[in-house]
Amino acid sequence: MATNTQVASVILLLGALICGFVAMSTVYWAGDVGSQRGKSVGLWQACEYVEGRTMECFRVLGLKFYETETEKLDWFKAVQGIYTLSLLCLIVSLVCSWSGVCVRTASYSLTRAAMFLSLASVVFCTIALIIFGARTLDEIRFYITSAGQPMWSFYMAMVCGILQLFALPCLLITQNQIMENNLEKRGPLLVSRMTLHTRSMHSMSGI
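Note that the sequence shown covers residues 1 to 207 in UniProt numbering.
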């Protein structure tokens with residue numbers, strides 16, 4: 001029977017995954033679309049707008065994104081890789097946590113794995129956000145005049161990490177509950193083994 005903390009952890013991780021995928025697939029990490037000729041940048045694409053309408057989108061790492069052919073945004077590739085790794089850890093964490101809810105007896109090892117994977121996902125997500133926030137103003141200024149202004153996709157990625165932070169205590173409580181249940185189940189077995197051992201010792205001493 002799944003506990004409330006198990007269900008809560010699954011809901012929080014699922015919400016985090018939805019927010020994470022929305023952030024990853026949209027083009028509103030930084031930019032300004034409110035002006036007459038607005039522009040925005042996501043992890044994979046950049047778009048140009050005229051009076052609020054999308055006119056053209058192209059790959060972030062395409063040649064048009066750079067001022068010169070020699071200009072390389074290695075830090076942007078790092079953000080892409082680190083954030084992708086964060087979502088992969090989150091997916092596996094959700095699968096482990098979901099398995100604990102679906103099966104009749106929750107697994108201590110699965111819950112522990114879910115907790116550490118979720119923690120790793122938070123760390124990777126935080127690193128990606130810090131790098132993007134710190135470098136966007138300097139490196140994309142030539143493309144977006146207000147590139148230092150984060151947009152809603154960036155904040156969705158933040159929500160993804162925050163939801164996982166709330167899920168971590170639930171996973172920890174679940175892990176402790178499973179440990180206590182295992183100890184309760186093993187208690188009578190240990191007592192019976194000790195009783196048998198004591199009886200055998202008495203019988204041997206009688207002989």
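From the three backbone atoms N, C-alpha and C, an ideal C-beta is built for every residue, glycine too. Bear in mind the structure is a predicted one, so any value in this text is a computation, not a measurement.
Within this structure, are the beta carbons of residue 131 and residue 78 separated by less than 8 Å? On the sequence shown, residue 131 is found 131 positions in, with the first residue counted as 1. On the sequence shown, residue 78 is found 78 positions in, with the first residue counted as 1. Contact check for residue 131 against residue 78 passes: the beta carbons are separated by less than 8 Å.
How is residue 158 classed by DSSP in three states: helix, strand or coil? In the sequence shown, the residue the question calls residue 158 occupies position 158. Residue state, collapsed to three classes: helix.
Beta-carbon proximity of residue 99 to residue 121, cut-off 8 Å: As a first step, residue 99 must be located in the sequence shown, where it is residue number 99. As a first step, residue 121 must be located in the sequence shown, where it is residue number 121. Contact annotation: residue 99 and residue 121 have beta-carbon atoms that are not nearer than 8 Å.
For residue 41: DSSP bridge partner residues: Sequence index remark: in the sequence shown, residue 41 carries index 41 (1-based). According to DSSP, residue 41 bridges with 30 and 46.
Alpha carbon to alpha carbon, how far is residue 210 from residue 167? The requested residue 210 is not part of the displayed model; the chain covers only 1 to 207.
Nearest-angstrom beta carbon gap, residue 94 and residue 13 [assumed within contact, 8 Å]: As a first step, residue 13 must be located in the sequence shown, where it is residue number 13. As a first step, residue 94 must be located in the sequence shown, where it is residue number 94. That belief holds up - the Cβ atoms of residue 13 and residue 94 are roughly 4 Å apart, short of 8 Å.
Would you kindly work out how many angstroms separate the C-alpha atoms of residue 90 and residue 57, rounded to a whole number? Here the question's residue 90 lines up with position 90 in the sequence shown. Here the question's residue 57 lines up with position 57 in the sequence shown. For residue 90 and residue 57, the gap between their C-alpha atoms comes out near 29 Å.
So, is residue 29 buried or exposed, given that buried needs 16 or more other C-beta atoms within 10 angstroms? Locating residue 29 in the sequence shown gives position 29, where the first residue counts as 1. Buried, by the Cβ-count rule.
Residue(s) in a DSSP beta bridge with residue 56: Taking the first residue of the sequence shown as 1, we reach residue 56 at position 56. Under DSSP, residue 56 takes part in a beta bridge, and its partners are 48.
Close Cβ partners of residue 17 (< 8 Å) along its chain, the five nearest in sequence each way excluded: Position 17 of the sequence shown holds residue 17. Excluding five sequence positions before and after residue 17, the CB atoms of its chain that fall closer than 8 Å to its own CB belong to 87, 90, 91, 94 and 160, given in chain order.
Buried or exposed: residue 149, going by 16 or more other Cβ atoms within 10 Å of its Cβ? Counting from one through the sequence shown, the residue named residue 149 turns up at place 149. With a 10 Å radius around the Cβ and a threshold of 16 neighbouring Cβ atoms, residue 149 comes out exposed.
For the alpha helix (DSSP H) containing residue 24, list its first residue and its last residue. Along the sequence shown, read from residue 1 onward, the residue named residue 24 stands at position 24. Where residue 24 is concerned, the enclosing alpha helix (DSSP H) stretches over 4–25.
Note down the Cα distance separating residue 19 from residue 156, rounded to an integer number of angstroms. As a working mapping, residue 19 is identified with position 19 in the sequence shown. As a working mapping, residue 156 is identified with position 156 in the sequence shown. Separation of residue 19 and residue 156 (C-alpha to C-alpha, rounded to the nearest whole angstrom) is 6 Å.
Give the DSSP bridge partners of residue 169, in chain order. On the sequence shown, position 169 is the one that residue 169 refers to. Within the DSSP bridge table, the entry for residue 169 names no partner.
Measure how close the beta-carbons of residue 97 and residue 163 come, nearest whole angstrom, since I'm counting them as under 8 Å. Within the sequence shown, the letter at position 97 stands for residue 97. Within the sequence shown, the letter at position 163 stands for residue 163. 13 Å between Cβ atoms; not a contact.
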